[in-house]
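Chemist: Got a structure for you, questions after.
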């Protein structure tokens, strides 16, 4: 048996898809860009429902370079020392939302501000959401599921809007709105429990 090895240049070559140019100045690059590397995964911790680092597998990922853990703390409240002891100088986002009635209104939206203070700079970011969607979600909620109070829906909407404005990929929370299909704001930014966050990191 003999094998003929062709010589010369092939007539057809495998063509790769041309990758689009990457804007190095982009403030919030995509999590899975079309390039052979990924950026850090940004997790926002809702300290109102997760006031201290949870036990379990998630604790193993604190301090890893691939994970950027940011604390979402209501404005005017102290940063939980249990978190600062573990994360060591975490990035704190002061969420200026308390209740729907206290939020400023512009046309059909409610808006509030997020304050971020670091050693080098202080910034304010505006976030907004449409409160009518929470009313629609409540009206179409499945009767078999546990009821969600309207203030809990507004909380989820505000934190999802804040996370989207800040470029946070997912919110770690123990709120009853986590994973609920009748909470449209889960489509804005995903919210996961501490245990489910491990699966998200592994993905």
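In full-length UniProt numbering, the protein residues as written are 1 to 203. For every residue, glycine included, the Cβ atom is placed at its ideal position computed from N, Cα and C. This one's a predicted model, so the numbers in the text were calculated from it and none came from an experiment.
(1) Let me check one thing: in DSSP terms, what residues is residue 72 bridge-paired to?
(2) Taking a contact to mean a Cβ-Cβ separation below 8 Å, would you say residue 124 touches residue 115 in this structure?
(3) Who are the near neighbours of residue 165 in its chain, counting only those whose CB is closer than 6 Å to its CB and skipping five residues on each side?
(4) Among residues of its own chain, excluding the 5 on either side of residue 211, which ones have a beta-carbon nearer than 8 Å to its beta-carbon?
(5) I'd like the list of long-range same chain contacts for residue 79, defined as Cβ closer than 7 Å, with 5 residues on each side in sequence excluded.
(6) Note down the Cα distance separating residue 197 from residue 168, rounded to an integer number of angstroms.
(7) Whole angstroms are fine: how far does the CA of residue 86 sit from the CA of residue 41?
(8) Tell me residue 113's beta-bridge partners as DSSP assigns them.
(9) Can you tell me whether DSSP reads residue 148 as helix, strand or coil?
(10) What are the boundary residues of the beta strand (DSSP E) that includes residue 192?
(11) When the Cα of residue 146 is compared with those of 189, 181 and 76, which residue comes out closest?
(12) Would you identify the three-state DSSP class for residue 107, choosing helix, strand or coil?
(13) Just the Cα atoms here: how many angstroms apart are residue 131 and residue 99?
(14) Does DSSP put residue 201 in a helix, a strand or coil?
(15) Tell me the DSSP secondary structure of residue 170 in three-state form.
Modeler: Reading it off the structure:
(1) 46 and 93
(2) yes
(3) 125 and 127
(4) A question about residue 211 goes unanswered here, because the residues of the chain that appear run from 1 up to 203.
(5) 71, 73 and 92
(6) 13 Å
(7) 18 Å
(8) 126
(9) coil
(10) 190 to 192
(11) 181
(12) coil
(13) 11 Å
(14) helix
(15) strand
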